[in-house]
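Add 5 to a position in the sequence shown, counting from 1, and you land on the number used in the numbering used here.
Where is the CB? At the ideal position from N, CA and C, for every residue including glycine.
Since the structure comes first, as structure tokens, the remarks are kept for the end.
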Amino acid sequence: MAQKKKKKKAGKKAKASVKQPQKKQIKKVVDLVKKVVPALPSPAKAPEKIGRIKRLVNFVKEKIQKRQKRNLAKKLRKPIIIVFSILALAVIFYTASIIMVFSLYNKAMPGTTVAGVDVSALTLDEIQNKLMDRGQPFLESSVPVMLDGVTQNFTPQELGISLLPRNTIQEIRFVNLKNSNIATISAAMIMGEEIPFHVSVDIEKAQRAIEERFAFNDKKSKDAYLTFENETLTVVPEKPGKAIDIRELYKDIKNRANSLSSESLTIKIFDQQPLVTKEKLEAEMEKIKARLYEKIYLTYESWDWNFKLADHVDWIKFEYQSRFHVGDVLSLDLGQLEEDPGALSAPLSMTKDLQITIEPAPFLAYVETEINPVIETQPQDVSLSKDENGEIIIEGKGENGQTIKDEYLISALNLAINKNIDEVPIPVQIKKAHVEVSEDLKSLGIETLIGTGRSAFAGSPPNRIHNINVGINKYNGLLIAPGETFSFNEFVGPVDASGGYLPELVIKAEGTIPEYGGGLCQVSSTIYHAALVTGLPIVERSPHSYAVSYYAQIYGYGLDATIYIGIHDVRFINDTPGHILIQAYTDGTQAYFKFYGTDDGRTVELEGPYQSGYYGPGPAIVVENPAMAPGTRVQVAAAHTGFNVTWYRHLVKGGEKLTETIYSAYNAIPAKVMVGPGVAEEPAAE
């Protein structure tokens, strides 16, 4: 024991000597020098002695420095070993992580299973194949279903099950370079992750299949309902019965589908009292009868068709719309159980609303004979080209066709019937006409129809109709270059007999009088409308001095444009990327201007008309005509009420929205009466 203690003390001293500072070592050298100096010989031998001392000092210094280096090396050896060991381990760990991540890159995390299928370290394609291999046998299997002690086999499809492998794969974690390393991969391998197979369950389909297979409809409760017997509305009483627990059925099917299990399931049923009773229906009979005798209008533009449901009892049936109320706030149909899992545990109640609905077949037979001939049209294609002389050739009218959207019409009618709405707009679907363009016109930017102007002139006298046709033909086939300002008056030609025009009423300062070219404003108003809907900048447009009904037959007042050589013109700019080709024609009592060019994505919406500021025309103007028989009276001009009209053009072009105001002020014009000589009574104000 004593020896060990001595060794320990000696060890401690050695450590202490290692720790002594350098100055102590130098002090020892100095003391040694002092001892030697007194013994120095005579000056003649001094250099030799001094040299020895220097050598001794240097020797001692070297010994001290070597010892210090050895001590320092001993000090640093252990930390260096530790540091290098840590670095080596880090390099090994990092290298192993990289090797592992790259070997598993874009593969499922180890330990991942889907409905019991191990998909660890598999690629996306491999997982898809494996899930299909597992899912297909399930879809081809049979699921035993028991109801009231009777068992029937159903396929998963009959139970409304659809497998969703893509949704399932989205839940799988894949190894990636950003978030994956040896630690996360090892943890996933140890912990594991079970993912259910994602499925969709159409519970209404399952309910229908089960009720049909088990003949359960005969056991269900029956609500009281309405029917026509000898065209008399009658109430059939209710009947108690049983019902399937839909939420339990949904949960059972969903759980089995998630695990791809064909395990048998037992359907729970309960006694159910009808929700709709005879007394309840009888209390609503008067309201229902009143609705059956109210007129309903189907409308399209200026047409309408009306009928009473009571006159078409074969069109209607009475149905109940079931609603499942979950808790106090949420109501949903059966199909919404899939979208709201919380509905599976909340308190559930059901209500039924009586609905009057349309039987499609007899109603659509009426639409076919009464409405389709007016609304439905076939598209008329158009061909645009140049002949050998460079003249524009337009073949066809480029008229879009349209058809009634029957399903939407029935849905809208059902809604209107049950919401006490009397007017139902008829929805139509446009069938686009094909536009065929020759290569030489395509090079000018003529590609497709970019705008259509339309007006109607029903009721016009023959001379006016003649002038409209003569005038509109002058614009057919014209080209407007990009950046060009188009002027209507530039192409109208001489407005006299030499231009092919006939005399017709024209609005002038002295009144509405016959003049060559009457009716040309129908043409100018139509091309103005085409420029508006195409979204072109309008440079000049003037409304008529008073409101003329011809120009309001389709869109209402406020979109007319009068012209008169030297006074009024219609001008607009082609700011599209290419040329605009004009097609102009009449069809019956309607005028059309169609612009073909490059569609640059601009959109136009016209809002209006907003009419205001009405004022009366005042008393009639009486003019005596000596050529007339005494006492005779003839009204030569009708009175016109004055008012203002505002439209708004909403133009979206290049992502920028611009709203322009189109304002028209129509003057009040008194009637004009011609009378023969003699005293005549002053006509009453109109």
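Query: Flag this pair as yes or no: are the beta carbons of SER669 and TYR562 separated by less than 8 Å?; Result: yes
Query: Can you tell me whether LEU280 is helix, strand or coil according to DSSP?; Result: coil
Query: Looking at C-alpha atoms only, which residue of SER460, ALA192, ALA262 and ILE532 is the closest neighbour of TYR555?; Result: SER460
Query: Return the residue from the list ASP207, GLY401 and LYS285 that minimises the CA-CA distance to ILE695.; Result: Coverage of the chain is limited to positions 6 through 691, which leaves residue 695 absent and any answer about it impossible.
Query: Quick check: the Cα distance between HIS645 and SER617, rounded to an integer number of angstroms?; Result: 15 Å
Query: Locate the beta strand (DSSP E) running through ASN1, then write down its first and last residues.; Result: The structure shown has nothing for residue 1, since the chain only spans 6 to 691.
Query: Just verifying my parser: in three-state terms, what is the DSSP assignment at GLN175?; Result: helix
Query: Do the region 241-255 and the region 297-304 touch if we need at least three Cβ pairs shorter than 8 Å?; Result: no
Query: On the DSSP bridge assignment, give the partners of MET151 in chain order.; Result: THR156 and THR271
Query: Per DSSP, which one or two residues make a beta bridge with LEU389?; Result: ILE399 and VAL442
Query: Return the Cβ separation of ALA214 and PHE143 in integer angstroms, given the expectation that the two are a contact with Cβ distance under 8 Å.; Result: In fact, because the Cβ distance is near 17 Å, the residues do not count as touching under 8 Å.
Query: Which partner residues of LYS436 appear in the DSSP bridge assignment?; Result: GLY406
Query: List the endpoints of the continuous alpha helix (DSSP H) containing PHE462.; Result: Element bounds for PHE462: n/a, residue is neither H nor E.
Query: Can you name, in chain order, every residue of its own chain whose Cβ lies under 8 Å from the Cβ of GLN407, other than the five neighbours on each side?; Result: ILE380, GLU381, THR382, VAL433, GLN434, ILE435 and LYS436
Query: Using 10 angstroms around the beta-carbon of TYR597, count the other beta-carbons present and answer buried if the total reaches 16, otherwise exposed.; Result: buried
Query: Using 8 Å for Cβ pairs, my map puts GLY602 next to GLY583. What's the rounded Cβ distance?; Result: 5 Å
Query: Are there 16 or more other CB atoms within 10 angstroms of the CB of ASP309, so buried, or fewer, so exposed?; Result: exposed
Query: Indicate whether the contact test is met: 3 or more Cβ pairs, each with one atom in the region 484-501 and one in the region 623-630, closer than 8 Å.; Result: no
Query: Got a sec, what are the start and stop residues for the beta strand (DSSP E) LEU166 sits in?; Result: It should be pointed out that residue 166 corresponds to Ile in this sequence rather than to Leu. It spans 166-168 - the beta strand (DSSP E) in which ILE166 sits, taken as one unbroken run.
Query: Residue range of the beta strand (DSSP E) that ILE249 falls in?; Result: 246-249
Query: Under a Cβ-count criterion, where at least 16 other Cβ atoms within 10 Å of its own Cβ denotes burial, should SER530 be classed as buried or exposed?; Result: buried
Query: Is the region 254-269 close to the region 223-239, with three or more CB pairs under 8 Å?; Result: no
Query: Using 10 angstroms around the beta-carbon of TYR671, count the other beta-carbons present and answer buried if the total reaches 16, otherwise exposed.; Result: buried
Query: So, do the region 494-508 and the region 535-550 have three or more beta carbon pairs nearer to each other than 8 Å?; Result: no
Query: Between LEU420 and chain C, is there a C-beta pair that is closer than 8 Å?; Result: You won't find chain C in this structure, because it holds only one protein chain.
Query: For the beta strand (DSSP E) that MET114 lies in, which residues bound it at each end?; Result: Looking at the DSSP string, MET114 is not in any beta strand (DSSP E), and its letter there is neither H nor E.
Query: With burial defined as no fewer than 16 other Cβ atoms inside 10 Å of the residue's Cβ, what is the status of MET114: buried or exposed?; Result: buried
Query: Please classify GLY660 as buried or exposed, where buried requires at least 16 other C-beta atoms within 10 Å of its C-beta.; Result: exposed
Query: If I'm right that SER465 touches GLY524 with Cβ under 8 Å, what's the distance once you round it to whole angstroms?; Result: 7 Å
Query: Are the beta-carbon atoms belonging to LEU152 and PHE219 less than 8 Å from one another?; Result: yes
Query: What does DSSP give as the partner residues of GLN133 in its beta bridges?; Result: GLN133 is not bridged to any residue.
Query: Tell me, please, which residues DSSP counts as bridged to ILE361.; Result: PHE323
Query: Can you grab the Cα-Cα spacing for the pair ALA188 / ASN111, in whole Å?; Result: 17 Å
Query: Would you check if there are 3 or more beta carbon pairs closer than 8 Å linking the region 588-596 to the region 462-478?; Result: yes
Query: Can you tell which of GLU291, ASN222 and ASP319 has the C-alpha that lies nearest to the C-alpha of ILE274?; Result: ASN222
Query: Can you tell which of ASN63, TYR413, GLN141 and TYR480 has the C-alpha that lies nearest to the C-alpha of LEU586?; Result: TYR480
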